[in-house]
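What follows is a set of notes on a single structure, which appears directly below.
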Amino acid sequence: MDRLEAMSIVLQTVEKGSLTAAAKALNMPLPTLSRKLSDLEAYLGTKLLQRSTRKLALTDAGQSYVASIKRIMEEIEEVERAASSEYTTPRGELVLTAPLLFGQMYILPIVTDFLAAYPEINVRLLLSDRNLHLYDDHVDMAVRLGDLPESSMIATRVGTMDTVVCAAPDLLAAHGVPKHPKDLQRLPCVIFTGPSSAIWSFRNPANKREFGVDIVPRLSVTAAESAVQAAVRRTGLTRVYRYHCADELRSGRLVQVLQEFDVEPIPVHLVHAARGQLPLKMRVFLDFAASQLRSALSKLG
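Sequential numbering of the sequence shown, starting at 399, is according to the working numbering.
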């Protein structure tokens, strides 16, 4: 039995979610793939997959086995990259992910400059407001906004990002400028699912303690861009990350309020999986992107 092939079959089956999809991805007849899986389970003396007509599920032994063979396959890939000189010449495909609007505004320009500087590297940029999993989604490096959960990932801090409460000047002229966060409860507000939930956090400038204010919105939206545009149209005050409304603040279409009650800015990191030696394509991108992001984020403050 070819154990490396068997490992690849198991990984493909788990990633694709079915034997049929795995067989197609591996260009292997379905009966052959099924037989090889059965042979592997017989060799190991345990069941790895619970098969049904509707779905596949890993057994406890299967979960442990898949976690182990993922590490083994990654080590094999590193050996192959070293043999193909990927560690001495930056080349190959780099898979990156970032939040949608942040990626469009900051990461895409960095990537295009990077591609011009490194012609033997190709980049696949996945922009999503859902945090993609580095292992499961085969991502080399991710931009993460906010505090990071405890994990084995390696994080490089590249700056901070603050949230701002802002409004159109005409709205403030009509309703008054809030002097304290509690004033927001009598003012029209726009919220979106993100940093702007129905409870907005603030920090007391005297004792540095954080407190929350319940917001009853005139309008709730699911995208920051929509919240900003609604604020520009004088629908209400809104709270967004600074990069969401940087142009509007610069142009004067929106003005910031309650700055003295701002909470601590959130960190921004470049994150990658812990591994032995980073491929050169990742090392050069990390150096390239970190310096440019630090410069861009420092100009937002």
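Here a beta-carbon is modelled for each residue, glycine too, at the ideal position from N, C-alpha and C. Here the structure is a predicted model, which means the values were calculated and not measured.
Within a 10 Å sphere around the beta-carbon of leucine 691 sit 16 or more other beta-carbons, which makes this residue buried. Residue pairing of cysteine 587 in beta bridges, as defined by DSSP: Leu635. Scanning Asp612, Leu635, Ile474 for the CA closest to the CA of arginine 673 turns up Ile474. Bounds of the beta strand (DSSP E) holding phenylalanine 600 are 597-601. Three or more beta-carbon pairs drawn from the segment 525-541 and the segment 484-501 are found closer than 8 Å, and the two stretches are therefore classed as touching.
The C-beta distance from phenylalanine 512 to phenylalanine 683 rounds to 6 Å, short enough to fall under 8 Å. Exclusion of the five residues before and after proline 663 leaves Thr558, Met559, Asp560 as the residues of its chain whose Cβ lies within less than 7 Å of its Cβ.
Ranked by how close their Cα comes to the Cα of glutamine 675, the residues Ala440, Lys414, Val477, Ala404 have Val477 in first place. Of Asp545, Val493, Asp568, the smallest CA-CA separation from histidine 531 is found for Val493. Taking each of Val562, Ala419, Ala455 in turn and checking the Cα distance to arginine 601, the smallest one comes out for Val562. By the neighbour-count definition (other C-beta atoms within 10 Å, threshold 16), tyrosine 533 is an exposed residue.
Distances from the alpha-carbon of leucine 678 to those of Asp437, Ser432, Val408, Asp538 put Asp538 closest.
Where threonine 495 is concerned, the enclosing beta strand (DSSP E) starts and stops at 490-496. Of the candidates His670, Val638, Thr633, Glu439, the residue whose Cα lies closest to the Cα of isoleucine 552 is His670. Distance check between methionine 680 and each of Met503, Leu447, Tyr516 places Tyr516 closest, using alpha-carbon atoms only.
Here histidine 642 is near alanine 622, since their CB atoms are less than 7 Å apart.
Going by DSSP, proline 547 is part of no alpha helix (DSSP H) at all; its letter is neither H nor E. About 7 Å separates the beta carbons of leucine 447 and threonine 457, which is inside the 8 Å limit, making them a contact pair.
The residue among Leu656, Arg542, Gly650 with its C-alpha nearest the C-alpha of proline 567 is Gly650.
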